[in-house]
Amino acid sequence: MKSQKVFPPTFSFELFPPQTPEGVEKLRAARYQLAQFKPKFFSVTFGAGGSTRDRTFDTVLEMLAECHPVAPHLSCIGSTRENIYSILRKYQESGIRHIVALRGDLPSGMAQPGEFRYANELVTFIRKEFGNTFKMDVAAYPEYHPQARSAQEDFRNFINKIEAGADSAITQFFYNADAYFHFVDMCETANLNVPIVPGIMPINKFSQLVRFADNCGAEIPRWIRKKLEGYGDDIASIHAFGLDVVTDLCERLLKAGAPGLHFYTLNSAVLTTKIWQRLGL
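Heads up, the sequence shown is in this note's numbering, so the first residue is 17 and it goes up one at a time.
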């Protein structure tokens, strides 16, 4: 894999809008800790069909008031052009200039995808209505989207998002660095000259990791899975092993020229902080 010509590397952290007062306080403590690392931005997730719309917006506004750089997620599936336009206008008025544009999952019980079927349609819509107001990240799947009919179709979908006007991409989490390197090589061959930032998932609980991986199509390599299974309920050993695995992965990615790292923090600073310290960042 060739270096993606972004130097120095940038770092960012993903958060999700909390549902409870306790969750709000946990998130505040986490972002206070993570803000000390001066990330390029915090992203904030957006639930299927806009299910977290208000909570996402409230979280974003609170973080803006604290002078944090924020990039809200915007999922288009199950939504309308009018709804999406309204959200973007509010973000524009609030000073947001960075969006993570996603397709999202069809909400349970909803039969039709709405006015947008794919993320490239959302990117096209944003560029048409708002020009270059927003920098846009999109999702990338080094191990392929679980709903893709083929690897070729999945990569074609990614090309469509970049050609529609996306500026850069953040990958789904992975533990197989070679999958990322191969994906970047494919992008270079296709003349897609945008940064592809690896998504990094610290390992907290094995059952949680399996659930996430099954939902998004990420592979847990057999040797990692068997090792984690062997620890049973020994959380301390799971964390220690997970820190070794993820730190080694991050080191390999950065050494190979990855343009940065995007950490899926799950609203906790503990494991991400330990990885950050091990990396000497």
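We put the beta carbon where it would ideally sit given N, CA and C, even for glycine.
Quick caveat: nothing in here was measured; it's all calculated off a predicted structure.
Segment limits, beta strand (DSSP E) that includes residue i
{"i": "glutamine 188", "result": "184 to 189"}
{"i": "valine 86", "result": "86 to 91"}
{"i": "glutamate 30", "result": "26 to 31"}
{"i": "isoleucine 115", "result": "114 to 118"}
{"i": "valine 210", "result": "Counting along the chain, valine 210 falls outside any beta strand (DSSP E), and DSSP gives it neither H nor E."}
{"i": "leucine 277", "result": "276 to 280"}
{"i": "aspartate 153", "result": "151 to 156"}
{"i": "phenylalanine 57", "result": "57 to 60"}
Residues near residue i in its chain [Cβ-Cβ closer than 6 Å; skip 5 each side]
{"i": "serine 247", "result": "With the sequence shown as reference, residue 247 is identified as tyrosine, and serine is not the correct amino acid for it. If we look at tyrosine 247 and ignore the five residues flanking it on each side, its Cβ neighbours are Ser253 and Ile254."}
{"i": "valine 116", "result": "Ser59, Ala87, His89 and Asp153"}
{"i": "glycine 276", "result": "Pro25, Thr26, Phe27 and Val213"}
{"i": "alanine 274", "result": "Pro214"}
Separation of residue j from residue i, as counted between CA atoms
{"i": "serine 91", "j": "threonine 61", "result": "9 Å"}
{"i": "tyrosine 101", "j": "leucine 80", "result": "20 Å"}
{"i": "glycine 120", "j": "alanine 185", "result": "15 Å"}
{"i": "glutamine 49", "j": "cysteine 83", "result": "14 Å"}
{"i": "arginine 268", "j": "threonine 68", "result": "35 Å"}
{"i": "alanine 155", "j": "proline 37", "result": "30 Å"}
{"i": "threonine 26", "j": "lysine 243", "result": "31 Å"}
{"i": "asparagine 99", "j": "arginine 238", "result": "43 Å"}
{"i": "proline 211", "j": "lysine 221", "result": "30 Å"}
{"i": "threonine 140", "j": "leucine 208", "result": "17 Å"}
{"i": "valine 213", "j": "alanine 285", "result": "20 Å"}
{"i": "glutamate 179", "j": "alanine 135", "result": "12 Å"}
{"i": "isoleucine 142", "j": "asparagine 173", "result": "17 Å"}
{"i": "phenylalanine 190", "j": "leucine 104", "result": "30 Å"}
{"i": "glutamate 145", "j": "lysine 106", "result": "14 Å"}
{"i": "lysine 271", "j": "leucine 295", "result": "11 Å"}
{"i": "glutamate 78", "j": "alanine 45", "result": "13 Å"}
Expected contact under 8 Å - CB spacing of residue i and residue j to nearest Å
{"i": "phenylalanine 58", "j": "valine 86", "result": "5 Å"}
{"i": "aspartate 183", "j": "methionine 217", "result": "Not confirmed; about 23 Å, so no contact."}
{"i": "proline 33", "j": "threonine 75", "result": "4 Å"}
{"i": "threonine 96", "j": "glycine 130", "result": "6 Å"}
{"i": "phenylalanine 150", "j": "histidine 114", "result": "6 Å"}
{"i": "histidine 278", "j": "serine 28", "result": "5 Å"}
{"i": "phenylalanine 132", "j": "isoleucine 93", "result": "6 Å"}
{"i": "tyrosine 280", "j": "glycine 181", "result": "About 25 Å separates the two Cβ atoms, so there is no contact after all."}
Buried or exposed (CB count within 10 angstroms, at least 16 for buried), residue i
{"i": "glutamine 188", "result": "buried"}
{"i": "glutamate 109", "result": "exposed"}
{"i": "arginine 47", "result": "buried"}
{"i": "lysine 54", "result": "exposed"}
{"i": "arginine 165", "result": "exposed"}
{"i": "serine 223", "result": "exposed"}
{"i": "glutamate 30", "result": "buried"}
{"i": "valine 200", "result": "buried"}
{"i": "asparagine 283", "result": "buried"}
{"i": "isoleucine 236", "result": "buried"}
{"i": "alanine 234", "result": "buried"}
{"i": "isoleucine 251", "result": "exposed"}
{"i": "glycine 147", "result": "exposed"}
Own chain residues within Cβ distance below 7 Å of residue i, not counting five before or after
{"i": "isoleucine 291", "result": "Pro218, Leu259, Val262, Thr263 and Cys266"}
{"i": "aspartate 170", "result": "Tyr157, Tyr160, His161 and Ala164"}
{"i": "glycine 111", "result": "Leu80"}
{"i": "threonine 289", "result": "Gln49"}
Residue range of the unbroken alpha helix (DSSP H) whose run includes residue i
{"i": "glutamate 41", "result": "37 to 51"}
{"i": "lysine 221", "result": "No alpha helix (DSSP H) holds lysine 221; DSSP gives it neither H nor E."}
{"i": "tyrosine 107", "result": "97 to 110"}
{"i": "alanine 195", "result": "193 to 205"}
{"i": "histidine 255", "result": "251 to 271"}
Residues near residue i in its chain [Cβ-Cβ closer than 8 Å; skip 5 each side]
{"i": "asparagine 231", "result": "Pro162"}
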